[in-house]
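Enquirer: Taken in order, these protein sequences are the chains called L and U.
Here the first sequence stands for residues 517 to 631, where the numbers follow the numbering used here.
Here the second sequence stands for residues 4 to 115, where the numbers follow the numbering used here.
For each residue, glycine too, the CB sits at the ideal point set by N, CA and C.
All of these numbers come straight from a predicted model, not from anything done at the bench.
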Amino acid sequence: EAQVTQNPRYLITVTGKKLTVTCSQNMNHEYMSWYRQDPGLGLRQIYYSMNVEVTDKGDVPEGYKVSRKEKRNFPLILESPSPNQTSLYFCASSRPIGTGSYEQYFGPGTRLTVT
Amino acid sequence: SQQGEEDPQALSIQEGENATMNCSYKTSINNLQWYRQNSGRGLVHLILIRSNEREKHSGRLRVTLDTSKKSSSLLITASRAADTASYFCATLLTGANSKLTFGKGITLSVRP
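So, in structure tokens, the structure goes:
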């Protein structure tokens, strides 16, 4: 089954304790991205990756890191989490559906609480 | 300011009625997409309309695009309680390297 998986689905942690949220897709998509979703703010892109070893900042990259060593995996790293990073996080990968057109497949989400 | 802004923010209708949701955007787009999100879950792609298209249908969904007004509408006909969800429009800007910009979403409640 074609899917995007994220782990963990729920995480409660303390300020400053490094954490990684994993993301994996089995559709051989080149483009992957991370979003955070907050009430009243919608989805905001954190980082994206056009292909292996190619990553770039989205709209809200501060406090986050990513890596893309393999096509299928795109982990999100919070080196020193802070309470303002409490949010619902989504990983997505994109399928091209024509010239310049892409359809995004979203993972189930990771609800992170930083105390 | 937001590239894609949906209107209304929330909509409550009776089962069987039609639901119309609108999205406005500010700059030139390659395409516009609508996504659905059930509470606490990931977004699911519903339909895409390209900048050179004016209307598309998919089952009970009808999407229109007016590039002169920079607006789109999503119509769900004969709504069902299972259509209750949040709906987002997302725009792919011209030359944006597949980056989608999402609006804040519309909360649709369909009463049985």
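If we count Cβ pairs, one from each stretch, closer than 8 Å, do we get three or more for the segment 579–586 of chain L versus the segment 19–30 of chain U?
Expert: no
Enquirer: Can you give the beta carbon distance from serine 15(U) to arginine 114(U), rounded, assuming they're within the 8 Å contact cut?
Expert: 7 Å
Enquirer: Please confirm if valine 520(L) has its CB atom under 9 Å from at least one CB of chain U.
Expert: Interface residue, yes.
Enquirer: Should serine 31(U) be labelled buried (16 or more other beta-carbon atoms within 10 Å of its own) or exposed?
Expert: exposed
Enquirer: Taking arginine 39(U) as the reference, give the member of His60(U), Glu58(U), Lys102(U) and Asp86(U) with the closest Cα.
Expert: Asp86(U)
Enquirer: Leucine 51(U) versus chain L: which residues are under 8 Å apart at the beta carbon?
Expert: Ile613, Ser617 and Glu619
Enquirer: When you compare only the Cα positions, how much space is there between arginine 57(U) and serine 71(U)?
Expert: Rounded to whole angstroms, the separation of the alpha carbons of serine 71(U) and arginine 57(U) is 11 Å.
Enquirer: Below 8 Å on the Cβ atoms is my contact criterion, and I expect leucine 46(U) with phenylalanine 622(L) to pass it. Report the Cβ-Cβ distance as a whole number of Å.
Expert: 5 Å
Enquirer: Show which residues of chain C have a CB atom less than 9 Å away from the CB atom of glutamine 561(L).
Expert: Absence of chain C from the displayed structure is noted, the protein chains being L and U.
Enquirer: Using 8 Å as the cut-off, classify the Cβ of lysine 581(L) as near or not near the heavy atoms of the ligand SAH, replying yes or no.
Expert: Although the ligand SAH was asked about, the structure shown includes no ligands whatsoever.
Enquirer: If you compare alpha carbons, which of Tyr564(L), Thr529(L), Val530(L) and Leu594(L) is closest to glutamate 546(L)?
Expert: Tyr564(L)
Enquirer: For glycine 106(U), which of helix, strand or coil comes out of DSSP?
Expert: coil
Enquirer: Check whether the Cβ atoms of serine 603(L) and arginine 53(U) sit closer than 9 Å, and answer yes or no.
Expert: no
Enquirer: State the DSSP-derived secondary structure class of leucine 111(U), mapped to helix, strand or coil.
Expert: The answer is strand: DSSP assigns leucine 111(U) an E or B state.
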